[in-house]
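Asker: Next up is a structure, given as structure tokens.
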Amino acid sequence: MKIATWNINGVKARIDNLRDWLKASNPDIACLQEIKSVDESFPRMEIEELGYHVETHGQKGFNGVALLSKIRPDEVNRGLPGDNLDEQSRFIEGVFSVNGGVVRVVSLYLPNGNPPDDPVKYPYKLAWMERLQHFAEQRLTLEEPLILAGDYNVIPEPHDCHDPRVWAGDALFLPQTRQAFRRFENIGLTDAVRATTDATKLYTFWDYQAGAWQKNNGIRIDHLMLSPEAAIKLRSTAIEKHVRAWEKPSDHVPVIGIFDF
DNA sequence: ATGGTAGGTGACCTA
């Protein structure tokens, strides 16, 4: 089973890219972030035509996540538990039946958090990470394959960016951010890409500005985090870097996990 | 639209 995560930066602007990518990469489940669309205006038919079931958790203008899947989920949960007042659409979970078992797949868009001195933004990011940790801890007790896939807006380690000095004061790389991410690993989640390679200079995002792509000035912020039951079934990972060179690209590229289920 | 770029919105906001 091939499971992908991709921040597409606007589903309406990226519909041709998205369709081309689905045809070429052919994932069984695709987790999308930043659809920047309400549920009603998601280009559902254009995706269904390609044989995918569509579940969205959209929002006007910003954020928004979706799950595209060849098999229909048995259950879908929208919104990260832990704050009834949080109105941002950043989390959708699908439960899928696969040869006798179950796999839970989450598409998440973790808050950016910049600027860090803003009274709201960075605290919101850290609180969201804590809520995600609590969610994960609860799901881990189920002892099921769980894949938390998405744009984490976290650079885990210095070698996950082109120049750590540039990112030193950024919400994506601050010690508290990295510490919160490390907590995900400490409770038993595995960073799928890191588990399958020790290559450096692996990036999933290149800014549109200042020729970042041309200079390979990128960061690795899109991750597949796995429960032990999913990690043991992980066969390989890939970062589909070529997609960044397409016409009208997203600033992120798809990250893939291939599993034995 | 601060600027460098981009998307969605609608007289800026977010990344």
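First residue of the first sequence: 1, per the UniProt record's numbering; consecutive thereafter. We put the beta carbon where it would ideally sit given N, CA and C, even for glycine.
Among the candidates 204, 109 and 127, whose CA atom is the shortest distance from the CA of residue 176?
Answerer: The candidate whose alpha carbon is nearest that of residue 176 is 127.
Asker: What are the uninterrupted segments assigned as alpha helix (DSSP H) that are 4 or more residues long and contained completely in the segment 7 to 81, given in chain order?
Answerer: Fully enclosed alpha helix (DSSP H) runs of 4 or longer: 15 to 25 and 44 to 48.
Asker: Look at the alpha carbon of residue 203 and the alpha carbon of residue 58, and state the distance between them as a whole number of angstroms.
Answerer: If you take the alpha carbons of residue 203 and residue 58, they lie about 27 Å apart.
Asker: By the 10 Å Cβ neighbour count, where 16 or more other Cβ atoms means buried, how is residue 56 classified, buried or exposed?
Answerer: With 16 or more other Cβ atoms within 10 Å, it is buried.
Asker: Locate the alpha helix (DSSP H) running through residue 126, then write down its first and last residues.
Answerer: Run containing residue 126: 121 to 140, per the alpha helix (DSSP H) assignment.
Asker: Please name the residue in 99, 118 and 124 whose C-alpha comes closest to that of residue 85.
Answerer: Nearest option by C-alpha distance: 124.
Asker: Answer with buried or exposed for residue 106, where buried requires no fewer than 16 other C-beta atoms within 10 angstroms of its C-beta.
Answerer: It is buried - the Cβ of residue 106 has at least 16 other Cβ atoms within 10 Å.
Asker: Considering only residues of the segment 192 to 258, which uninterrupted alpha helix (DSSP H) runs meet the minimum length of 4 residues and lie entirely inside it, listed in chain order?
Answerer: Runs of the alpha helix (DSSP H) inside the segment 192 to 258: 192 to 196 and 228 to 231.
Asker: Tell me, please, which residues DSSP counts as bridged to residue 93.
Answerer: Its beta-bridge partners are 77 and 106.
Asker: Hey, would you say residue 102 sits closer than 8 Å to residue 92, going by beta carbons?
Answerer: No; because the gap between Cβ atoms is not below 8 Å, this pair is not in contact.
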